[in-house]
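Participant:
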Amino acid sequence: MNELPRIRLGALPTPFEPLPRLSALFGVSLWVKRDDLTGLAFGGNKTRKLELLVADALATGAKTLVTAGAAQSNHCRQTAAAAARAGLGCRLVLATADGAPSPDASGNLLLDALLGARVAWCTRAARDATLASAFDESEAAGERPYLVPYGGSNARGAAAYALAFHELAAQCRAAGVEPDAVVFASSSAGTQAGLVAGARLAGARTRVIGISVDEPRDVLRERVALLACEVADLLGEPLAVPLAEVAVEDEWAAPGYGVAGDAEREAIELFARHEGLLLDPVYTGRAAAGLVGLLRRGTWEPGATVVFWHTGGSPALFASAYRDLWGAPRP
Ligand SMILES: *Cc1c(COP(=O)(O)O)cnc(C)c1O
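Everything in the sequence shown is counted per the working numbering, starting at 9 for the first residue and increasing by one.
1) Three-state secondary structure (DSSP) at Ala50?
2) Taking Thr75 as the reference, which of Ala128, Gly69 and Gly35 has the closest Cα?
3) Got a sec? Which residues, its chain only, sit under 6 Å from Thr87 by beta carbon, not counting five neighbours each side?
4) Measuring only the C-alpha atoms, how far is Gly293 from Pro153?
5) Quick check on Ala88: does DSSP put it in helix, strand or coil?
6) Would you say the beta carbon of Gln200 is closer than 7 Å to some non-hydrogen atom of ligand 1?
7) With H, G and I counted as helix, E and B as strand and the rest as coil, what does DSSP make of Ile217?
8) Using CA atoms only, rank isn't needed, just tell me which of Ile217, Gly202 and Arg16 is closest to Ala63.
9) Taking DSSP as the reference, what is the three-state secondary structure of Lys71?
10) Near Ser194, which residues of its chain fall below 7 Å by C-beta distance, leaving aside the five closest residues on each side in sequence?
11) Contact defined as beta carbons within less than 8 Å: I believe Ala324 pairs with Gly115. What is the distance between those atoms, to the nearest angstrom?
12) Below 7 Å CB to CB, which residues in the same chain sit around Val101 once its five sequence neighbours on both sides are set aside?
13) Out of Phe192, Glu259 and Gly165, which has the shortest C-alpha to C-alpha gap to Val239?
14) How is the beta strand (DSSP E) around Thr104 delimited, first residue to last?
15) According to DSSP, is Pro26 helix, strand or coil?
16) Based on the DSSP output, what are the partners of Thr131 in its beta bridges?
17) Report the start-end ranges of each beta strand (DSSP E) in the region 139–214 that is 3 residues or longer and not cut off at the edges.
18) Contact defined as beta carbons within less than 8 Å: I believe Lys71 pairs with Gly97. What is the distance between those atoms, to the nearest angstrom?
19) Measuring straight from C-alpha to C-alpha, what distance separates Ala205 and Trp317?
20) Using C-beta distances below 7 Å, list every residue in its chain close to Ala210, excluding the 5 sequence neighbours before and after it, in chain order.
21) Using the rule of at least 16 other Cβ atoms within 10 Å of the residue's Cβ for burial, across every protein chain shown, is Ala207 buried or exposed?
22) Since Gly298 contacts Trp260 with CB under 8 Å, what's their CB separation in whole angstroms?
23) If you check the beta carbons only, do Gly1 and Tyr158 fall under 8 Å apart?
24) Please work out which residues of its chain come closer than 7 Å, Cβ to Cβ, to Gly160, disregarding the five sequence neighbours upstream and downstream, and give them in chain order.
25) Are the beta-carbon atoms belonging to Val36 and Ala312 less than 8 Å from one another?
26) Who are the Cβ neighbours of Arg99 in its own chain at under 6 Å, not counting the five residues just before and after it?
27) Could you check which residue in Phe279, Glu309, Gly244 and Gly284 has the C-alpha nearest to that of Asn10?
28) Taking the Cβ atom as the reference point for each residue, do Ala233 and Val254 lie within a distance shorter than 8 Å?
29) Taking a contact to mean a Cβ-Cβ separation below 8 Å, would you say Pro23 touches Leu45 in this structure?
30) Between the Cα of Ala236 and the Cα atoms of Ser196, Ala262 and Arg273, which residue gives the shortest distance?
31) Quick check on the burial criterion: 16 or more other C-beta atoms within 10 angstroms. Buried or exposed for Ala183?
32) According to DSSP, is Trp317 helix, strand or coil?
33) How far does the beta strand (DSSP E) with Val256 in it extend, from its first residue to its last?
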């Protein structure tokens with residue numbers, strides 16, 4: 009496998025832990041891969057991708073990272089932190105429903121400011137154009153910008169999750185388990201494409217199941233298959249990835265991006281109250297709702313081994329938009 013240039017941003021390997029009380033509840037052996045603990049400014053899955061992307065930025069002589077996301081983007085917060093760690097500037101383009109700045113700085117947005125990122129605001133529809141003009145402005149100002157793609161999800165960023173699959177496989181061997189499936193939140197396809205490529209390159213029989221957070225199943229599957237091939241090419245191990253082998257579940261995406269409802273709330277409470285494990289309202293709460301749904305419909309035989317890949321996101325728990333999900337503690 010090709011060695012890709014990489015800088016160290018995360019505390020790796022992240023822990024791989026059993027979930028005994030949730031396992032007892034569902035009759036399946038449940039484990040968690042703790043990428044919420046990558047360690048960079050509250051961690052998350054973008055840290056691994058940024059280890060490769062920032063190495064590339066530094067190799068090309070860039071001085072500023074430019075990227076975009078939603079107002080509560082974990083990707084933008086981790087990019088701002090990675091820029092700080094690497095001694096680079098950071099410009100973020102954040103999208104809101106009406107294009108106006110979010111009225112109060114909470115959750116990830118508070119951290120973006122603390123980390124020193126410059127923020128431009130736009131509507132979702134104007135995101136590509138606003139990102140392009142932020143890049144041009146940065147270039148004109150002599151900042152030597154490097155474009156970090158949405159979600160860090162080009163082949164280079166996604167390759168980090170092919171390497172992460174190997175990390176998990178080694179931990180599984182050490183623990184004497186062979187997962188039947190890994191389940192996680194999937195959105196810009198990078199995490200899933202990397203895991204799909206990693207699993208196939210390792211010859212693992214583990215099913216890689218993405219719970220779509222926002223995209224329709226067919227759109228996301230096609231993106232994953234294409235990107236997984238690009239990852240394998242970049243790693244020097246070309247691979248055919250048949251669409252039929254890419255598993256995406258989209259029924260939990262129906263309420264829309266960032267809308268936390270009863271399914272997310274129930275799943276977040278289950279993980280918190282059985283395992284003391286914190287999920288987030290946008291990504292991992294939805295992925296856990298999908299996992300719980302799949303468990304309840306008997307997707308796996310009793311005794312099967314299923315890994316929930318925790319992708320981070322906890323700062324969004326403190327975003328004002330989600331303040332009323334749980335209310336005050338009960339007396
Ligand atoms: C970005 C993100 C995801 C989705 O990862 P993709 O590689 O974009 O599919 C999942 N969970 C969290 C917490 C994220 O921030």
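Backbone N, C-alpha and C define an ideal beta-carbon position, used for all residues, glycine too.
Keep in mind the model is a prediction, meaning the values are calculated, not measured.
Facilitator: Once the coordinates are examined:
1) For the record, residue 50 in the displayed sequence is Phe; it is not Ala. Judged by DSSP in its simplified three-state form, Phe50 adopts coil rather than helix or strand.
2) Looking only at Ala128, Gly69 and Gly35, the smallest Cα-Cα distance to Thr75 is reached by Ala128.
3) Exclusion of the five residues before and after Thr87 leaves Leu73, Thr75 and Val156 as the residues of its chain whose Cβ lies within less than 6 Å of its Cβ.
4) Distance between the alpha carbons of Gly293 and Pro153 is about 34 Å.
5) Taken through DSSP and simplified to helix, strand or coil, Ala88 comes out as helix.
6) At least one heavy atom of ligand 1 is nearer than 7 Å to the Cβ of Gln200, so yes.
7) The answer is strand: DSSP assigns Ile217 an E or B state.
8) The shortest C-alpha separation from Ala63 is found at Arg16.
9) Here Lys71 sits in coil by DSSP.
10) Only Gln200, Gly218, Ile219, Ser220, Val221, Leu228 and Val256 meet the Cβ criterion.
11) With 8 Å as the limit, Ala324 and Gly115 qualify as a contact, their Cβ atoms being about 5 Å apart.
12) Closer than 7 Å at the Cβ level, and outside the excluded window around Val101, lie Ala76, Ala128, Cys130, Arg135, Thr138, Leu139 and Ala142.
13) Answer by Cα proximity: Gly165.
14) It spans Gly97 to Thr104 - the beta strand (DSSP E) in which Thr104 sits, taken as one unbroken run.
15) The answer is strand: DSSP assigns Pro26 an E or B state.
16) Answer is Thr104, bridged to Thr131.
17) List check, beta strand (DSSP E) in window: 153–155 and 189–194.
18) Confirmed, Cβ separation roughly 6 Å.
19) A direct Cα-to-Cα measurement between Ala205 and Trp317 gives close to 16 Å.
20) For Ala210, where only same-chain residues beyond five positions count, the Cβ hits under 7 Å are Phe173, His174 and Ala177.
21) The residue in question, Ala207, is buried, as its Cβ has 16 or more Cβ neighbours within 10 Å.
22) Indeed, because the Cβ distance is near 5 Å, the residues count as touching under 8 Å.
23) The displayed coordinates of the chain run from 9 to 339. Any statement about residue 1 would go beyond what the structure contains.
24) Closer than 7 Å at Cβ, skipping near neighbours: Lys54, Lys57, Leu58, Leu61, His83 and Gly198.
25) Yes, Cβ-Cβ distance for Val36 and Ala312 is below 8 Å.
26) Correct list, in chain order: Val74, Arg126, Ala142 and Ser146.
27) Nearest C-alpha to Asn10: Gly244.
28) In this structure, Val254 lies closer than 8 Å to Ala233 by Cβ.
29) Remark: C-beta atoms of Pro23 and Leu45 approach each other more closely than 8 Å.
30) Here the closest residue by C-alpha is Ser196.
31) An exposed status is given to Ala183, since fewer than 16 other beta-carbon atoms sit within 10 Å of its beta-carbon.
32) Correct three-state label for Trp317: strand.
33) Annotation: the continuous beta strand (DSSP E) that includes Val256 extends over Ala255 to Glu257.
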